[in-house]
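**Student:** One structure coming up, written as structure tokens, with questions to follow.
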Amino acid sequence: SQQGEEDPQALSIQEGENATMNCSYKTSINNLQWYRQNSGRGLVHLILIRSNEREKHSGRLRVTLDTSKKSSSLLITASRAADTASYFCLSGSARQLTFGSGTQLTVLP
Amino acid sequence: DGGITQSPKYLFRKEGQNVTLSCEQNLNHDAMYWYRQDPGQGLRLIYYSQIVNDFQKGDIAEGYSVSREKKESFPLTVTSAQKNPTAFYLCASSELAGVIGTDTQYFGPGTRLTVL
Numbered sequence: 002s003q004q005g006e007e008d009p010q011a012l013s014i015q016e017g018e019n020a021t022m023n024c025s026y027k028t029s030i031n032n033l034q035w036y037r038q039n040s041g042r043g044l045v046h047l048i049l050i051r052s053n054e055r056e057k058h059s060g061r062l063r064v065t066l067d068t069s070k071k072s073s074s075l076l077i078t079a080s081r082a083a084d085t086a087s088y089f090c091l092s093g094s095a096r097q098l099t100f101g102s103g104t105q106l107t108v109l110p
Numbered sequence: 246d247g248g249i250t251q252s253p254k255y256l257f258r259k260e261g262q263n264v265t266l267s268c269e270q271n272l273n274h275d276a277m278y279w280y281r282q283d284p285g286q287g288l289r290l291i292y293y294s295q296i297v298n299d300f301q302k303g304d305i306a307e308g309y310s311v312s313r314e315k316k317e318s319f320p321l322t323v324t325s326a327q328k329n330p331t332a333f334y335l336c337a338s339s340e341l342a343g344v345i346g347t348d349t350q351y352f353g354p355g356t357r358l359t360v361l
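So the sequences go chain by chain: A and B.
Letter by letter, the first sequence follows residues 2 to 110 of this note's numbering.
Letter by letter, the second sequence follows residues 246 to 361 of this note's numbering.
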């Protein structure tokens with residue numbers, strides 16, 4: 002399988018602004034997950050949205066899913082310097098796991 | 246203190262040598278995974294296991310081997326057949342093994358392998 006696409010590859014914003022990153026995938030999915038990775042560390046699960054859901058919220062995170070376009074977006078509101086990290090989407094279907102190439106987010110204080 | 250551990254954090258090996266990366270979890274998870282990450286890129290699946298004594302190839306299994314003799318452990322061997330082994334290796338586990346790819350994964354801190 003090939004990796005999904007994420008855009009932008011890099012995003013730099015000021016603290017307090019919102020950050021939006023997008024993920025596209027290639028095959029039908031059961032769910033889509035978003036993960037965060039601090040430099041040189043393992044990934045941490047942020048949120049999971051099922052294929053029959055269109056939008057989900059968790060704290061300052063808002064995820065949308067459009068299965069007709071095979072795409073998802075992650076919105077981080079009121080960003081903080083501590084949100085600086087790489088963000089990856091994982092599209093999951095039976096016997097297939099595909100991570101996106103990631104968005105590097107930098108939040109400037 | 247539950248979690249998933251990987252050792253060592255940094256590993257150096259000479260060309261032509263096999264090396265084994267450790268991954269242990271005490272979360273009682275059925276499924277375990279190995280990924281490779283190259284600089285500035287996403288993760289690619291090497292192998293995964295849904296149950297003891299069984300494992301499946303991922304997208305880039307060539308040059309790697311695994312074993313799953315115990316539920317808690319899923320070691321990865323990088324063999325000399327792997328042409329470009331220098332990378333960051335991440336192990337993960339998930340609770341449910343029924344439908345791979347649908348469950349939240351918990352990641353270890355990773356092992357950075359450098360081939361000299």
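Just so you know, even glycine gets a beta-carbon here, dropped at the ideal spot from N, CA and C.
Computed from a prediction, not measured in an experiment: that's the story for all the values here.
Taking the Cβ atom as the reference point for each residue, do Thr-331 of chain B and Val-360 of chain B lie within a distance shorter than 8 Å?
**Tutor:** For the purposes of this step, residue 331 of chain B is taken as residue 86 along the second sequence, with counting starting at 1. For the purposes of this step, residue 360 of chain B is taken as residue 115 along the second sequence, with counting starting at 1. Yes; because the gap between Cβ atoms is below 8 Å, this pair is in contact.
**Student:** May I ask you to list, following chain order, the residues of the segment 326 to 355 of chain B that have a beta carbon less than 9 Å from some beta carbon of chain E?
**Tutor:** In the displayed structure, chain E is absent; the protein chains listed are A and B.
**Student:** Using a Cβ-Cβ distance cut-off of 8 Å, determine whether Leu-98 of chain A contacts chain B.
**Tutor:** Counted from its first residue, the first sequence places residue 98 of chain A at position 97. At least one chain B Cβ lies under 8 Å of Leu-98 of chain A.
**Student:** Would you mind sorting Arg-81 of chain A into buried or exposed? The rule is 16 or more other CB atoms within 10 Å of its CB.
**Tutor:** Locating residue 81 of chain A in the first sequence gives position 80, counting from the first residue. When all chains shown are included, Arg-81 of chain A counts as exposed.
**Student:** Could you list which residues in chain A have their beta carbon closer than 9 Å to that of Gly-248 of chain B, in chain order?
**Tutor:** Translated into positions along the second sequence, residue 248 of chain B becomes position 3. Result: empty, since nearest Cβ-Cβ is about 10 Å, beyond 9 Å.
**Student:** From the DSSP output, in three-state form, read off Ala-276 of chain B for me.
**Tutor:** Working through the second sequence from its first residue, we reach residue 276 of chain B at position 31. Strand, per DSSP.
**Student:** Go ahead and pull the three-state DSSP assignment for Ala-86 of chain A.
**Tutor:** If you number the first sequence from 1, residue 86 of chain A lands on position 85. In this structure, Ala-86 of chain A counts as strand in the three-state DSSP scheme.
**Student:** Below 7 Å CB to CB, which residues in the same chain sit around Gly-60 of chain A once its five sequence neighbours on both sides are set aside?
**Tutor:** Along the first sequence, one-based indexing puts residue 60 of chain A at 59. Closer than 7 Å at Cβ, skipping near neighbours: no residue.
**Student:** So, is the C-beta of Gly-101 of chain A closer than 8 Å to a C-beta in chain B?
**Tutor:** Counting from one through the first sequence, the residue named residue 101 of chain A turns up at place 100. Yes, contact with chain B.
**Student:** Rounded to whole angstroms, what's the CA-CA distance from Lys-316 of chain B to Phe-352 of chain B? Just pull it up for me.
**Tutor:** For this step, residue 316 of chain B is matched to residue 71 along the second sequence. For this step, residue 352 of chain B is matched to residue 107 along the second sequence. If you take the alpha carbons of Lys-316 of chain B and Phe-352 of chain B, they lie about 16 Å apart.
**Student:** Assuming contact is defined by CB atoms lying nearer than 8 Å, are Gly-103 of chain A and Glu-7 of chain A in contact in what I supplied?
**Tutor:** The residue labelled residue 103 of chain A in the question sits at position 102 within the first sequence. The residue labelled residue 7 of chain A in the question sits at position 6 within the first sequence. Yes; because the gap between Cβ atoms is below 8 Å, this pair is in contact.
**Student:** Three or more C-beta pairs under 8 Å: does that hold for the segment 261 to 268 of chain B against the segment 323 to 338 of chain B?
**Tutor:** Short answer: they touch.
**Student:** So the candidates are B:Gly-308, B:Ser-318, B:Asp-275 and B:Pro-354; which of them puts its Cα closest to the Cα of Glu-340 of chain B?
**Tutor:** In the second sequence, counting from the first residue as 1, residue 340 of chain B sits at position 95. Selected option, being the one with the closest Cα: B:Asp-275.
**Student:** For Ser-72 of chain A, I'd like the list of residues in its chain whose CB is within less than 7 Å of its CB, leaving aside the five on either flank, ordered along the chain.
**Tutor:** Here residue 72 of chain A refers to the residue found at position 71 when the first sequence is read from its first residue. For Ser-72 of chain A, where only same-chain residues beyond five positions count, the Cβ hits under 7 Å are Asn-23, Cys-24 and Ser-25.
**Student:** Rounding to the nearest angstrom, what Cα-Cα distance links Gln-282 of chain B and Asn-53 of chain A in this structure?
**Tutor:** The residue labelled residue 282 of chain B in the question sits at position 37 within the second sequence. The residue labelled residue 53 of chain A in the question sits at position 52 within the first sequence. Taking the straight line from one Cα to the other gives about 30 Å.
**Student:** Nearest CA to the CA of Pro-354 of chain B: which residue from A:Arg-37, A:Leu-91 and A:Glu-16?
**Tutor:** As a first step, residue 354 of chain B is located in the second sequence; it is residue number 109 there, counting from the start. Cα-wise, what sits closest to Pro-354 of chain B is A:Arg-37.
**Student:** Leaving out the 5 sequence neighbours to the left and right, which residues in its chain are closer than 7 Å to Ser-92 of chain A when beta-carbon positions are compared?
**Tutor:** Position 91 of the first sequence holds residue 92 of chain A. Hits under 7 Å: Gly-5, Tyr-26, Ile-30, Leu-33 and Thr-99.
**Student:** Applying the criterion that 16 or more other CB atoms from any shown protein chain within 10 Å of the CB defines a buried residue, is Gln-3 of chain A buried or exposed?
**Tutor:** Locating residue 3 of chain A in the first sequence gives position 2, counting from the first residue. Legend: pLDDT at Gln-3 of chain A = 44, less than 50; position of this residue unreliable, no value from coordinates given.
**Student:** Looking only at DSSP bridge pairs, what is Lys-191 of chain B linked to?
**Tutor:** This structure leaves residue 191 of chain B out entirely; chain B is present only between 246 and 361.
**Student:** Which stretch, first to last residue, makes up the beta strand (DSSP E) that contains Lys-302 of chain B?
**Tutor:** For this step, residue 302 of chain B is matched to residue 57 along the second sequence. Here the beta strand (DSSP E) through Lys-302 of chain B covers 299 to 302.
**Student:** I'd like to know whether the C-beta of Arg-37 of chain A is nearer than 8 Å to at least one C-beta of chain B.
**Tutor:** Numbered from its first residue, the first sequence carries residue 37 of chain A at position 36. So, not an interface residue.
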